[in-house]
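Engineer: Just so you know, our numbering puts 1730 at position 257 of the sequence shown, and the rest follows in order with no gaps. C-beta atoms are modelled at their ideal positions from N, C-alpha and C, and glycine is treated no differently. Mind looking over this structure? Questions follow.
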Amino acid sequence: MESPKPTAQDEPKNQDHKVSPLAEEPKEFYQSSRVWYAATVFPLAAACFGPLASALNICALVEEWRVIIPAGDVESTEIAVGDPSWLVAINAISLAIAILANLSLLLSFAHRLPFHAAQAATIVGWYISSIMLLVIIILTPTHLQTGTLYSYGQPFVYACLSAVLYFIFATLLLITTFGAIKGYYHPDFSATLTLPQRTLMAQSTCFVAYLICGAAVFAHIEGWIFVDGVYWATVTLLTIGYGDVVPKTHLGRSLIIPYATSGIIMIGLVAGSIGSLVIDQAQKKMVSRLTVKQRELLQADFDQEARNDQNHESEHIRERAEFNLMRRIQSRARSRQLWLLTGIAAVALVLLWFIGAVVFWKTESTPTSFQSAPWSYFDAVYFVFISTVTIGYGDFYVESNIGRPIFVFWGLLAVPTMTILIASMGATVLVIIKGIIAQIDRFVVLEHEGGGRERHSFARKAFHMGKLHLKHRRGSNKDGHHGGMERHGEHGFRDRKTGKIMNIHDETGHIPHPDHDHDEAVTMRQYLIAKEIRSLLEDVSASPPRTYTFEEWARFLKLLEIKHREKDTSAPSQNSNGGNGEIDENGWSWLQDDGPLFGTQTETEWLLQKLSKQLEDSLTPTI
């Protein structure tokens, strides 16, 4: 991975290139996937799992690590063995350091601590906590005595999980910090993460705190040990509800109503945030990369055809051909992205089910775990499926000291993941269903419905030709007045002060060159830009994002005073590194990086940004 090495004050820079009429910021298409993971995914993963690791550390502290299970009995009859004071002290210190590390990361996300100082504190803190836990894990032996069996209790497993999580996410943040130091991206989360993404850690922390506090309260009310309370809270808030651990007191049953209601809402919000902030970002990144690849595949043939036909086609025809090709590239990229995401989702589901099934098969088939018969692998697969889809019949549930802590971590990971992945797969399934319905609708249409179908077809054609859009823009206000102008005919306004008449649009939607004064022409152009902005605001929240026809784009670019490049279509616009090279100074192309369709913004956002900038620039001298 190569990158320039800026000074601490400089921003990371891409390769130098000339600025086109459309380019304002470097394109993100050529950013390496590894850079994107380091700058975005790793910090968000640490934000989600850091608080969870500390919660597991709390579970490792509050109960004894070792238990005695009388010979021939099961784990439900276990007797706790007190931990030595040095183990409790080291465990408590590791938890305190980890909490400070989490606080440092949270303050860094909130812009309250400098990036490098906060990252150093978080990384070093998590590494220290992980090492301290690993030391006491190694030093805690399992003793065998006649007539008794020493075994590890649930807190010991929680300590193992917590140590592993601290180490993994400290390492991921170390990679993130290394990338920022090398200049691959800004050493500031506000530059690499959006505000909603940076609030994800606060949401995750609140949910984990809510789960742990609820577990402590209900364990005290119902007389459970704390780790069983954590298991119960997890099963309850994930809406699985096996029924193996239930509140039996009147107070407990009363408190479960507000506790479960609030907790289910919280976990839904966290899962939704992860889905919208992480999965959506991944989809955009995937579409961007696929768009680049599809352009590389199709542009060579297009350039060859352009060289062969350059003497026979007008610039307008070549521009339209480029536009249509870019639309084809976008369609292909989005289609491949849907199928690729579906494949990733399917693989993730398989891993969650079958690897999880192997783990629970092993933990629940030991002779000290179940009073009933040990599980078979099929029983474990069945249990995992029933759990991930939150059915929770209760015929199978984990009881072993190893199984329950693993289930708490697995459940908090698997159930929200299943929800997110099913939602992402739904987009692909919806596309397939719409395609099937469209095919049925095309061939199975009753004869007497032909008139309506013809009208719909005409409306679609009129829309694509831009006629409906132009008619909308030529529509009048309720009162027919616009500031100092009053309506005059279908396409004009009359200045109330001077009495001069100005035309808005000709039949092509272009701005004519009026014969009146320059100031009036400038005023009319400002009015047209403002009107387009008002119209575009209605498309901002469209789902899926609105796309515009060639005729509509021609009108927008005319307003922006941007001309399509006049050089040969086959002229190279990118260097050998894949399109991050020099931009043609004479104009732009629909297929180049600086083209309006080749960006991470929606078309509506791009147009609003450019038109607003034009309006601002035109008004600046008059203020």
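Pick from Thr-1672, Ile-1729 and Thr-1764: whose alpha carbon is nearest that of Ile-1694?
Structural biologist: Among Thr-1672, Ile-1729 and Thr-1764, the Cα nearest to that of Ile-1694 is on Ile-1729.
Engineer: Closer than 7 angstroms by C-beta to Ser-1567: which residues in its own chain qualify, once you throw out the five before and the five after it? Chain order, please.
Structural biologist: Within the same chain, Ser-1567 has close Cβ partners Asn-1530, Ser-1602, Met-1605 and Leu-1606.
Engineer: Mapping DSSP to helix, strand and coil, what is Ala-1846?
Structural biologist: Coil.
Engineer: Val-1540 and Ala-1553: beta carbons closer than 8 angstroms?
Structural biologist: Cβ atoms of Val-1540 and Ala-1553: closer than 8 angstroms.
Engineer: Any idea which residues DSSP pairs Val-1561 with across the strands?
Structural biologist: None; Val-1561 has no bridge partner.
Engineer: With a threshold of 8 angstroms between beta-carbons, can Ser-1849 be considered close to chain B, or not?
Structural biologist: The chain labelled as chain B is not found in the depicted structure, where only one protein chain is given.
Engineer: Between the C-alpha atoms of Gln-2014 and Ile-1641, what's the straight-line distance to the nearest angstrom?
Structural biologist: One point to set straight first is that residue 2014 is Ser, not Gln, in the sequence displayed. Roughly 39 angstroms between the two C-alpha positions.
Engineer: CA-CA distance, Leu-2092 and Ser-1677?
Structural biologist: If you take the alpha carbons of Leu-2092 and Ser-1677, they lie about 46 angstroms apart.
Engineer: Smallest Cα separation from Pro-1731: which of Tyr-1683, Ala-1744 and Asp-1701?
Structural biologist: It is Tyr-1683 whose Cα lies nearest to the Cα of Pro-1731.
Engineer: Can you find the residues in the same chain that come closer than 8 angstroms, C-beta to C-beta, to Leu-1415, ignoring five residues on each side of it along the sequence?
Structural biologist: Shown here, the chain extends from 1474 to 2096; a query on residue 1415 therefore has no answer.
Engineer: From Val-1708 to Pro-1847, what distance separates their C-alpha atoms?
Structural biologist: Distance between the alpha carbons of Val-1708 and Pro-1847 is about 22 angstroms.
Engineer: Beta strand (DSSP E) containing Ile-1552: first to last residue?
Structural biologist: Taken as a continuous stretch (DSSP letters only), the beta strand (DSSP E) holding Ile-1552 covers 1552-1554.
Engineer: Between the segment 1696-1714 and the segment 1885-1892, are three or more C-beta pairs nearer than 8 angstroms?
Structural biologist: Because the criterion of three Cβ pairs below 8 angstroms is met, the segment 1696-1714 and the segment 1885-1892 touch.
Engineer: If you drop the 5 nearest sequence neighbours on each side, which residues of the same chain put their C-beta closer than 6 angstroms to that of Cys-1521?
Structural biologist: Answer for Cys-1521: Ser-1677, listed in chain order.
Engineer: Less than 8 angstroms separating the beta-carbons of Ile-1875 and Val-1630?
Structural biologist: Yes, these two residues count as a Cβ contact at 8 angstroms.
Engineer: By Cβ distance below 6 angstroms, which residues in the same chain neighbour Leu-1647 in space, the five residues on each side in sequence not counted?
Structural biologist: Once the five neighbours on either side are set aside, the close Cβ partners of Leu-1647 are Ile-1596.
Engineer: Hey, quick one: how far does the alpha helix (DSSP H) through Pro-1614 stretch, first residue to last?
Structural biologist: Unbroken run through Pro-1614: none, as it is neither H nor E.
Engineer: Which whole-angstrom value describes the C-beta separation of Ala-1533 and Asn-1575, a residue pair presumed to lie in contact below a C-beta threshold of 8 angstroms?
Structural biologist: The pair is not a contact, with the Cβ atoms about 16 angstroms apart (cut-off 8 angstroms).
Engineer: So which of Leu-1673, Ile-1895, Ser-1735 and Phe-1691 has the shortest CA-CA distance to Arg-1726?
Structural biologist: The candidate whose alpha carbon is nearest that of Arg-1726 is Phe-1691.
Engineer: Ends of the alpha helix (DSSP H) at Phe-2023?
Structural biologist: That run of the alpha helix (DSSP H) goes 2023-2032.
Engineer: Ignoring anything shorter than 4 residues, give me the alpha helix (DSSP H) runs that lie fully in the segment 1657-1729, in order along the chain.
Structural biologist: For the segment 1657-1729, whole alpha helix (DSSP H) runs of length 4 or above, ordered along the chain, are 1662-1665, 1668-1671, 1673-1695 and 1699-1710.
Engineer: Rounding to the nearest angstrom, what Cα-Cα distance links Tyr-1866 and Gln-1592 in this structure?
Structural biologist: So the alpha carbons of these two residues sit roughly 44 angstroms apart.
Engineer: So, with DSSP's three-state summary, where would you put Ile-2035?
Structural biologist: In this structure, Ile-2035 counts as coil in the three-state DSSP scheme.
Engineer: Within a Cβ cutoff of 6 angstroms, which residues of the same chain sit near Val-1700, ignoring the five residues on either side of it in sequence?
Structural biologist: The residues are Cys-1532, Glu-1536 and Gln-1627.
Engineer: Spatial neighbours of Ile-2002 within its chain, please: C-beta separation below 8 angstroms, excluding the five flanking residues on both sides.
Structural biologist: Cβ within range, chain order: Leu-2032, Leu-2084, Gln-2087, Leu-2088 and Ser-2091.
Engineer: For the alpha helix (DSSP H) containing Glu-2078, name the first residue and the last one.
Structural biologist: From DSSP, the alpha helix (DSSP H) with Glu-2078 extends over 2076-2092.
Engineer: For Val-1862, does the three-state DSSP call read helix, strand or coil?
Structural biologist: Three-state DSSP puts Val-1862 in coil, outside helix and strand.
Engineer: For Leu-2030, which option in Ala-1528, Pro-2069 and Thr-1863 has the closest C-alpha, if you only look at C-alpha atoms?
Structural biologist: Here the closest residue by C-alpha is Pro-2069.
Engineer: Please look up how many angstroms separate the CB atoms of Leu-1668 and Phe-1515, rounded, as I've assumed it's under 8 angstroms.
Structural biologist: So it is not a contact: roughly 19 angstroms between Cβ atoms.
Engineer: How about Ala-1911: is its Cβ closer than 7 angstroms to a heavy atom in the ligand FAD?
Structural biologist: With respect to the ligand FAD, the structure shown offers nothing to examine, as it has no ligands at all.
Engineer: Would you give the residue range spanned by the alpha helix (DSSP H) that Pro-1524 belongs to?
Structural biologist: Per DSSP, Pro-1524 belongs to the alpha helix (DSSP H) from 1515-1535.
Engineer: Buried or exposed: where does Gly-1702 fall if 16 or more other Cβ atoms within 10 Å of its Cβ makes it buried?
Structural biologist: Answer is buried; the Cβ neighbour count reaches 16.
Engineer: Would you kindly check if the distance between the Cβ of Leu-1673 and the Cβ of Leu-1517 is under 8 angstroms?
Structural biologist: In this structure, Leu-1673 lies closer than 8 angstroms to Leu-1517 by Cβ.
Engineer: If you count every other CB in all the chains shown that lies within 10 Å of the CB of Cys-1633, and 16 or more means buried, which is it?
Structural biologist: So Cys-1633 ends up on the buried side.
Engineer: Alpha helix (DSSP H) containing Ser-2016: first to last residue?
Structural biologist: Ser-2016 -> no alpha helix (DSSP H), and no H or E assigned at all.
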